[in-house]
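FYI, in this note's numbering the residues of the sequence shown are 3 to 337.
Glycine included, each C-beta is placed from N, C-alpha and C at the ideal position.
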Amino acid sequence: MNPKRWTALIIAVVLFIGSIGINAVFSFFKTDFFANIEDFVNEQSELTNTQVLEQGKTNDKIAYIKLDGTIQDVEMSAFSTGYNHKNFLSQLKQIKEDDSIKGVVFAVNTPGGGVIESAEIRKKIMEIQATRDIPVYVSMGAMAASGGYYVSAPADKIFAMQETITGSIGVIMQTINYQELAEKLGVRYEKFQSGIHKDMLSPTREVTEEERKMMQEMIDESYGTFVNIIAEGRNMSEADVKKVADGRIMSGTQAMKAGLVDEIADEETVIQQMREDYDLTDAQLITFADPTTNWRTILGVKASTLFGPSLEERFVAEMLTKYNAPQMMYLYGAN
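Put into structure tokens, the structure is as follows:
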């Protein structure tokens, strides 16, 4: 590691220690300093990340949680920003285990994302409903499309703004083909494989008709699951769901007419509605913070600006090296 990196790391450590406090320092130095810095912060999260938004009875609480950004479980680092999938699942776990929480307001603002990650969120929400028997109200923001609707479907009530973009029910998988470009540049690929489909969806060759059929079968299977989940969550017939489950986007009012949304209301109204519906007028309103957000922002942005590549450069590098494999997505605007 060069001197600049060491300097950046030292600055990061000083800021981190100051934000966590003296008690955390003693626990911190019991761990491997360099390898476990983020693991340590996550271990402290359940003790430090609850925030009171509105005062009230401490034995009666409404938990406000927000899903903001693309639903994808990407590796988080000091240079990462945006949606943190592991932390969001941790919030749902805390709600499930906290008997003082009597209701959940789930704010959704996302174009969707990964099939697996969306399924994980839905499963956790349904576990909360089954084990705690508490209501979950969804408040849709500017966008709650595709996977954003998938994770909303189990809610007891779904609210949207008139201008909310929702719908986009369906599955998409895409890849890129730069075969012709490679040929023009004189680039030739040599491959050795065990079966004719081992390089399926390779960007260096055309997709065969047989492979297109295989891929479509996968997409159709996942789409069928999506439709069934909406039918179950909204108490609709499969036929009624399929009338609007063709990938189209809808406004909040259009979604309400289609049976996908219960009421048009803003976030503040949704919280008040839960208070009235479940006798939680005096309940405390709490939320959870990502315990790593502050130090990621401070260290990632400030240290990288001073001592290394920009945040944009690192993002591009990560995209090129980590996310080059096609995957099925519940995602609107995938291109």
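Cβ-Cβ distance between residue i and residue j below 8 angstroms
{"i": "Asp242", "j": "Gly261", "result": "yes"}
{"i": "Thr255", "j": "Ile273", "result": "no"}
{"i": "Met331", "j": "Met220", "result": "no"}
{"i": "Gly116", "j": "Asp75", "result": "yes"}
{"i": "Ser224", "j": "Val173", "result": "yes"}
{"i": "Thr60", "j": "Gln286", "result": "yes"}
{"i": "Val215", "j": "Val229", "result": "Checking the sequence, you will find Lys at residue 215 rather than Val. The answer is no: Cβ separation not under 8 angstroms."}
Closest Cα partner of residue i within the set the options
{"i": "Gly58", "options": "Asp284, Gly235 and Met330", "result": "Asp284"}
{"i": "Val107", "options": "Glu122, Lys63, Gln164 and Gly116", "result": "Lys63"}
{"i": "Glu192", "options": "Ile178, Arg277 and Arg207", "result": "Arg207"}
{"i": "Ser92", "options": "Thr52, Gly105 and Glu56", "result": "Thr52"}
{"i": "Tyr85", "options": "Ile97, Glu119 and Tyr66", "result": "Glu119"}
{"i": "Met202", "options": "Ile178, Glu185, Ala184 and Lys186", "result": "Ile178"}
{"i": "Ala157", "options": "Asp268, Gln131, Lys98 and Leu282", "result": "Gln131"}
{"i": "Leu333", "options": "Gln176, Ala233, Leu183 and Thr210", "result": "Gln176"}
{"i": "Gly149", "options": "Pro328, Thr289, Leu287 and Thr227", "result": "Thr227"}
{"i": "Phe90", "options": "Ala291, Gly335 and Pro328", "result": "Ala291"}
{"i": "Asn111", "options": "Arg236, Glu182, Ile127 and Ala146", "result": "Ala146"}
{"i": "Pro113", "options": "Gly197, Met276 and Ile251", "result": "Ile251"}
{"i": "Leu94", "options": "Glu56, Ile136 and Leu55", "result": "Ile136"}
One or two residues paired with residue i in a DSSP bridge
{"i": "Lys63", "result": "Ile103 and Gln286"}
{"i": "Gly116", "result": "Met331"}
{"i": "Thr52", "result": "Phe290"}
For residue i, three-class secondary structure by DSSP
{"i": "Asn111", "result": "strand"}
{"i": "Leu262", "result": "coil"}
{"i": "Leu203", "result": "coil"}
{"i": "Ala37", "result": "Its pLDDT being 44, under 50, Ala37 is placed unreliably in this model, and the coordinates cannot settle the point."}
{"i": "Gly71", "result": "coil"}
{"i": "Ser47", "result": "Caution is warranted here: a pLDDT of 43 is assigned to Ser47, below 50, making its placement in the model unreliable, and no coordinate value can be reported."}
{"i": "Gly150", "result": "helix"}
{"i": "Ala184", "result": "helix"}
Buried versus exposed call for residue i [16 or more other C-beta atoms within 10 Å across all chains shown]
{"i": "Phe161", "result": "buried"}
{"i": "Ala144", "result": "exposed"}
{"i": "Tyr152", "result": "buried"}
Distance cut-off 7 angstroms: residue i Cβ against heavy atoms of the ligand PLP
{"i": "Ser141", "result": "Ligands displayed in this structure: none; no statement on the ligand PLP is therefore possible."}
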